[in-house]
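So the sequences go chain by chain: A and B. Quick note on the numbering used here: the first sequence kicks off at 1 and runs consecutively. Quick note on the numbering used here: the second sequence kicks off at 1 and runs consecutively. Beta carbons: idealized from backbone N, C-alpha and C, even for Gly. This one's a predicted model, so the numbers in the text were calculated from it and none came from an experiment.
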Amino acid sequence: MEDPKEVTTVQAATTLISTIIGVGVLPLPLFAVRAGDTGAPFITLLGIGIAAFGLFVVTKLGLRHSDKTIITYSEDILGKWLGRFFSLFVIVFFSILTALAAREFGAVVITAVLLETPLEVTVIVMLLLAAISARNTMNTFAYIHNFYIPIILAPVLIIVALSLKNANFLYVRPFISSGLHDSFFGALTIAALFQGSFIMTLIIPSMKNPKSAMKAGWWAIFISGGLYLLLVLATVAIFGAEEIKRLYWPTLELARTTSLPGNILQRLDVIFISVWVIAVFTTIFASYFLTIHSVKQLFRLQDHKMLAYFMLPFIFILAMLPQNIVQLYDVIKIAGRAGLIVTILYPMLLYIIDAMKSKRRKKGESKQA
Amino acid sequence: MFIFRRRKQKKAGSKPRVNEIPSKALEEIEKNDLTGSIETTVQFMKEMLGDSDDFSVKHFRIFGRFHAVLFYFSNITDKDRIDNEILKPLMYMPEHLLQREMSKQELITVLVEETLFDSQTNRANKLDQLVNVILRGETVIVIEGITEAIHVGTRKIEKRSIKSPETEQAILGPRESYIESIATNIALIRARLPTPDLCVKMTEIGRLTKSMVSICYIKGIANEKVIKEVEKRLSEIDIDAVLDIGYLEQFIEDNPFSPFPQTQATERPDKTVANLAEGRVAILVDGSPFALLVPVVFNQFYQTFDDYSSRFLMGSFARLARMLALVFSLIFPSLYVSFISFNPELLPTEFAVAVAGGRAGVPYPAVIEVLIIEIAMEVLREATVRMPKQVGGALSIVGVLVVGEAAVNAGLASPITVVVIALTSIGSFATPAYVAAFALRMLRFPILFLAGIFGLYGVVIGVIFIFNHMLSLKSFGVPYMSPVSPGDSQGLKDVIIRSPLWWMPKRPAFLQPTNRDRLGEVKNKVLQHSKVGNDQREEVQNGGSKRGHNGSGSDNLN
Chain A
1 MEDPKEVTTV QAATTLISTI IGVGVLPLPL FAVRAGDTGA PFITLLGIGI AAFGLFVVTK
61 LGLRHSDKTI ITYSEDILGK WLGRFFSLFV IVFFSILTAL AAREFGAVVI TAVLLETPLE
121 VTVIVMLLLA AISARNTMNT FAYIHNFYIP IILAPVLIIV ALSLKNANFL YVRPFISSGL
181 HDSFFGALTI AALFQGSFIM TLIIPSMKNP KSAMKAGWWA IFISGGLYLL LVLATVAIFG
241 AEEIKRLYWP TLELARTTSL PGNILQRLDV IFISVWVIAV FTTIFASYFL TIHSVKQLFR
301 LQDHKMLAYF MLPFIFILAM LPQNIVQLYD VIKIAGRAGL IVTILYPMLL YIIDAMKSKR
361 RKKGESKQA
Chain B
1 MFIFRRRKQK KAGSKPRVNE IPSKALEEIE KNDLTGSIET TVQFMKEMLG DSDDFSVKHF
61 RIFGRFHAVL FYFSNITDKD RIDNEILKPL MYMPEHLLQR EMSKQELITV LVEETLFDSQ
121 TNRANKLDQL VNVILRGETV IVIEGITEAI HVGTRKIEKR SIKSPETEQA ILGPRESYIE
181 SIATNIALIR ARLPTPDLCV KMTEIGRLTK SMVSICYIKG IANEKVIKEV EKRLSEIDID
241 AVLDIGYLEQ FIEDNPFSPF PQTQATERPD KTVANLAEGR VAILVDGSPF ALLVPVVFNQ
301 FYQTFDDYSS RFLMGSFARL ARMLALVFSL IFPSLYVSFI SFNPELLPTE FAVAVAGGRA
361 GVPYPAVIEV LIIEIAMEVL REATVRMPKQ VGGALSIVGV LVVGEAAVNA GLASPITVVV
421 IALTSIGSFA TPAYVAAFAL RMLRFPILFL AGIFGLYGVV IGVIFIFNHM LSLKSFGVPY
481 MSPVSPGDSQ GLKDVIIRSP LWWMPKRPAF LQPTNRDRLG EVKNKVLQHS KVGNDQREEV
541 QNGGSKRGHN GSGSDNLN
């Protein structure tokens, strides 16, 4: 990284938060309820736990190699070719993640706001916006995330606050209502919504004080996880588990049930979606940025600016592959769980190998001594 | 970078023609030294400057003995001073010199040190230098047989008086503004900053205009790197004429293709001083009534001097109103278009019906309607700027009232559209910095197009695009959107509201000043003291009871 290392702890935390909170918020209560019925909040909590563990591993690993990203240090740990081979998976996975997020939100927009606009247009607009912004440097990347954070957090909090008057907390009991197997897989799906936190590996090398990365990570998980939990709690308490199973985007429905006092605007869902564009943008932007920076580092390129446009058609085609919204959510579910292998298991593997290597090296040194 | 490249090409292309520029011809004189022979000097001067009829050459004798000659331009010199302060003492030998015998070698020292009553008296022996000072309005004295000349600063240029600022008026605050003379402008700054730390560095830019450019900063507060960078960028400018600070601005700004201003021009000396004290650098140029402040951040463009000179509640309220106006001027028409054309269900039913009723006779879609009125408004605004003052008022009344009313009656626009556009225009007038308001005025149109195509989604996309651009901008190494992002707690106190002065003890960190303390510890206590004056008095009366009755929140404001 040639840029001066200027990313502060707060910026790192806000970058993580705005990356994590994305389009996943819309179907989140549905995922949770499908797995755990009335125990949805518990499933969410489990998911947050898994995600926190993943972020912990990634951060720990990043701190051991605080000048490098996962692409470069995996070569040190696994050897040149094996490292590159696995890095390819990381890149492909984040391309898919970018594409799916763009596609998912495109679908939301054409169902809720722009009923007559073709899906391709909304998706390409979003990707284009991410591509143009991804030409910026790492510092600007952090500034952008830092700037939007209040606009990302506020709408969810407002909607939860405004809708709580209809809440019935009988709906969230019993607190644990599903079997171990269901709970675990449900939690994995929820944890998959936190995969944006993998961006940590790119942030650490640019941080002014990499040691505080762990603190930033905890704060990020705490805030975004808290928001998710609140949202699931509110949605389940208002609609009830059975009702939610029949809705595609329960959060959007939640926004529909709320209205501002004084009848300033009759509906809030469109406003919610419009503001939500920002949250989705930051997520797509982050995964796009991660993708092109990984490609840049994998192929030892000097500049990432041209790559930003070069990747665009590929990601667009990926986004257009699912036939319809049902298939889209199947793909999202599978890709999400498979992604956990890339974002949690792979770093864990790296960490274990790295730890063993350094132990052996120490032993070797002590033997020599 | 582009500019530099282009300029380099231009420079390379014009190299063979450089000789045609007279000022360059001067630099290529082969025999540069003064010879001591008046005849050759006069001949040389006449060759150089004699084509102008206001060039004067006056022969006379110093103390009746030594043959000498004066060179000056009669239009830019002060005739009284030449008569009374140069010719009079030179022709009429002062009493203390009457008895003294002096040689020619001594003469020049005696003249400079004992005879001429002028503080701006200097010696020089290069011909090109002499020509330059004559062109700047000085008077040159050349004496027969002496290879050194004396030049006296007799420049006198008519200048207007200091008036109150026209583009940046303040209700509470000083009434002085800069004028075209750089000497006066620097005087206005220096008068406010009687500290040895104030540095004023002068350079010359412009091959023809040779405009005096000065860089002002406060040593020990302004960041060294920024000062160096400013000097470097200014020194790289090679242009024939610099007629206003705007010429320099276009050469030193970071991103010339951005709609946003990356330097701030101000005509208020008080504002300049406040910015110097925050650690910025001011650039002034002779002939321009504006000072250029760098580095800047975006929030500066909606701050005014009033915010600081009035009480903080007033200042904060006014600033909030201004920010609202700023947002209005950018997205209000596009919000209107997207509500009307895409999501009328958002509006309360009664209002939606009223809007639909108003639009009944309008043949165009909302976006076209808004565009027509917007463009008409832009034309009207441009027209009023150029109008003579006597006609301007009439035009704006005719334009706004008559044309607006007629457009509605003719079915060209709905009444609500006119209201929306009017509010937008008023909003853009509420932005104190003309350049920043202009940026948003321009950006309104792309957002309007996006709103016409994608509705609210388009508006948000447009806004994200603009913010991302602003976040990626830098002005002399300072991120444009700081202190919002990257965050800075001290700077944040002065962004949305204007916090009380005693609540901002440190200078904003984003300018990376070398010294950050704005308030001293002791003074802070004094402020706290006077703040609780009423309570203290009561304390004394009540026999020293703690001031628990009067809201505990105000106790510890620092």
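Check your understanding: Between the Cα of residue 185/B and the Cα atoms of 427/B, 152/B and 200/B, which residue gives the shortest distance?
Key -> Position 185 of the second sequence, counting from 1, holds the residue named residue 185/B. The residue with the shortest Cα to Cα distance from residue 185/B is 200/B.
Exercise for review: Compare the C-beta of residue 464/B against all C-beta atoms of chain A and say whether one is closer than 8 angstroms.
Suggested key: Walking along the second sequence from the start, residue 464/B turns up at place 464. Interface residue, yes.
Review point. Which residues in chain A sit within 7 angstroms of residue 299/B, going by Cβ to Cβ distance?
Key: If you number the second sequence from 1, residue 299/B lands on position 299. Neighbours of residue 299/B on chain A: none; closest Cβ ~13 angstroms, over 7 angstroms.
Review point. From which residue to which residue does the beta strand (DSSP E) around residue 56/B run?
Key: Sequence index remark: in the second sequence, residue 56/B carries index 56 (1-based). Taken as a continuous stretch (DSSP letters only), the beta strand (DSSP E) holding residue 56/B covers 55 to 62.
Check your understanding: Where does residue 300/B land, buried or exposed, given buried means 16+ other C-beta within 10 angstroms?
Key -> Along the second sequence, one-based indexing puts residue 300/B at 300. Counting Cβ neighbours within 10 Å, residue 300/B comes out buried, since at least 16 surround it.
Review point. In the segment 298 to 329 of chain B, which residues sit with their C-beta less than 9 angstroms from some C-beta in chain A, listed in chain order?
Key: none
**Study point:** Option nearest residue 321/A by Cα separation, candidates 99/A, 70/A and 88/A
**Key:** Here residue 321/A refers to the residue found at position 321 when the first sequence is read from its first residue. Checked all of 99/A, 70/A and 88/A; the closest Cα to residue 321/A is 99/A.
Exercise for review: Helix, strand or coil for residue 260/A, going by three-state DSSP, please let me know.
Suggested key: By 1-based counting over the first sequence, the position of residue 260/A is 260. Note: residue 260/A maps to coil in three-state DSSP.
Exercise for review: Examine the Cβ distances between the segment 236 to 243 of chain A and the segment 162 to 169 of chain A and report whether three or more of them are shorter than 8 angstroms.
Suggested key: yes
Review point. Quick one: complete alpha helix (DSSP H) runs, 4+ long, within the segment 289 to 350 of chain B?
Key: 305 to 309 and 312 to 341
Point to revise | Identity of the residues DSSP links to residue 264/B by a beta bridge | key: Against the second sequence, residue 264/B aligns to sequence position 264. Paired residues: 293/B.
Check your understanding: So is residue 345/B in contact with chain A if we call contact Cβ pairs under 8 angstroms?
Key -> On the second sequence, residue 345/B is found 345 positions in, with the first residue counted as 1. Answer yes: the Cβ-Cβ gap between residue 345/B and chain A drops below 8 angstroms somewhere.
Review point. Going by DSSP, which residues form a beta bridge with residue 517/B?
Key: Numbered from 1 along the second sequence, position 517 holds the residue referred to as residue 517/B. 506/B, per the DSSP bridge assignment.
Point to revise | For residue 348/A, the three-state DSSP class (helix, strand or coil) | key: As a first step, residue 348/A is located in the first sequence; it is residue number 348 there, counting from the start. Helix, per DSSP.
Exercise for review: Buried or exposed for residue 11/A, please, with buried defined as at least 16 other CB atoms from any protein chain shown within 10 angstroms of its CB.
Suggested key: Counting from 1 along the first sequence, the entry for residue 11/A is found at position 11. Label assigned to residue 11/A: buried.
Review point. Taking C-alpha atoms, which residue in 406/B, 378/B, 418/B and 501/B lies nearest to residue 444/B?
Key: On the second sequence, residue 444/B is found 444 positions in, with the first residue counted as 1. Comparing Cα positions, the closest option is 378/B.
Exercise for review: Determine the DSSP secondary structure at residue 149/B, reduced to helix, strand or coil.
Suggested key: Here residue 149/B corresponds to residue number 149 of the second sequence, with the count starting at 1. Strand at residue 149/B.
Check your understanding: If we cut at 8 angstroms on Cβ distances, does residue 461/B have a partner in chain A?
Key -> Sequence index remark: in the second sequence, residue 461/B carries index 461 (1-based). Closer than 8 angstroms to some Cβ of chain A, the Cβ of residue 461/B qualifies, so yes.
Review point. Since residue 147/A meets chain B, which of its residues come closer than 7 angstroms, beta carbon to beta carbon?
Key: Start at 1 with the first residue of the first sequence, and residue 147/A comes out as number 147. Ordered by position in chain B, the residues that pass the 7 angstroms Cβ test against residue 147/A are 467, 471, 481, 484 and 485.
Practice item. Drop a sphere of 10 angstroms on the beta-carbon of residue 37/B, count the other beta-carbons inside from all chains shown, and report buried for 16 or more, exposed for fewer. Key: Working through the second sequence from its first residue, we reach residue 37/B at position 37. Classification of residue 37/B: exposed, given that the 10 Å Cβ count is below 16.
Point to revise | Contacting residues, own chain, Cβ-Cβ under 8 angstroms from residue 328/A (five flanking each side not counted) | key: Counting from 1 along the first sequence, the entry for residue 328/A is found at position 328. The answer, listed in chain order, is 100, 103, 104, 107 and 322.
Review point. When DSSP builds the beta bridges, which residues end up paired with residue 33/B?
Key: The residue you call residue 33/B lines up with position 33 of the second sequence. According to DSSP, which records beta bridges pairwise, residue 33/B is partnered with 126/B.
Check your understanding: Are any of the Cβ atoms in chain A nearer than 8 angstroms to that of residue 533/B?
Key -> For the purposes of this step, residue 533/B is identified with residue 533 of the second sequence, where counting begins at 1. For residue 533/B, the predicted model reports a pLDDT of 49, less than 50, meaning its position is unreliable; a value from the coordinates is still stated below. So no, residue 533/B is outside the interface.
Point to revise | Contact set for residue 279/B: own chain, Cβ-Cβ below 7 angstroms, skip 5 residues either direction | key: The sequence position of residue 279/B within the second sequence is 279, counting from 1. 221, 222, 223, 507, 511 and 513, listed in sequence order.
Point to revise | Own chain residues within Cβ distance below 7 angstroms of residue 318/B, not counting five before or after | key: Residue mapping note: residue 318/B aligns to position 318 of the second sequence, counting from 1. For residue 318/B, where only same-chain residues beyond five positions count, the Cβ hits under 7 angstroms are 306 and 307.
**Study point:** Residue closest to residue 230/B, alpha-carbon to alpha-carbon, out of 269/B, 239/B, 389/B and 216/B
**Key:** Translated into the one-based positions of the second sequence, residue 230/B becomes position 230. Among 269/B, 239/B, 389/B and 216/B, the Cα nearest to that of residue 230/B is on 216/B.
Review point. Taking Cβ-Cβ distances below 7 angstroms as the criterion, which residues of the segment 439 to 458 of chain B are in contact with chain A?
Key: 454, 455, 456 and 457
Check your understanding: Any residues in the segment 89 to 116 of chain A with a beta carbon nearer than 7 angstroms to a beta carbon of chain B? Which ones, in chain order?
Key -> 109, 113 and 114
Exercise for review: Under 8 angstroms by Cβ, that's how I've got residue 121/B and residue 150/B pegged, so tell me the actual separation to the nearest angstrom.
Suggested key: By one-based count along the second sequence, residue 121/B stands at place 121. By one-based count along the second sequence, residue 150/B stands at place 150. Indeed they touch by this definition, with Cβ atoms about 6 angstroms apart.
Practice item. Report the rounded CA-to-CA distance for residue 225/B versus residue 317/A, giving the unit in angstroms. Key: The count along the second sequence starts at 1 and reaches residue 225/B at position 225. The count along the first sequence starts at 1 and reaches residue 317/A at position 317. Their Cα atoms are separated by approximately 47 angstroms.
Check your understanding: Would DSSP call residue 359/B helix, strand or coil?
Key -> For the purposes of this step, residue 359/B is identified with residue 359 of the second sequence, where counting begins at 1. Three-state DSSP puts residue 359/B in coil, outside helix and strand.
Exercise for review: Could you run through the segment 246 to 263 of chain B and flag, in chain order, every residue whose CB is less than 9 angstroms away from some CB of chain A?
Suggested key: none
Check your understanding: How is the alpha helix (DSSP H) around residue 60/A delimited, first residue to last?
Key -> Here the question's residue 60/A lines up with position 60 in the first sequence. That run of the alpha helix (DSSP H) goes 40 to 64.
Point to revise | DSSP-derived helix/strand/coil call for residue 547/B | key: Stepping through the second sequence from its first residue, residue 547/B is reached at position 547. At residue 547/B, the pLDDT of 43 sits below 50, so the modelled position is not reliable; the number obtained from the coordinates is stated separately. Residue state, collapsed to three classes: coil.
Review point. Is residue 282/B helix, strand or coil when you go by DSSP?
Key: Counted from its first residue, the second sequence places residue 282/B at position 282. In this structure, residue 282/B counts as strand in the three-state DSSP scheme.
Review point. Relative to the alpha-carbon of residue 202/B, which residue among 235/B, 293/B, 473/B and 243/B has its alpha-carbon at the smallest distance?
Key: Numbered from 1 along the second sequence, position 202 holds the residue referred to as residue 202/B. Closest option to residue 202/B, Cα to Cα, is 235/B.
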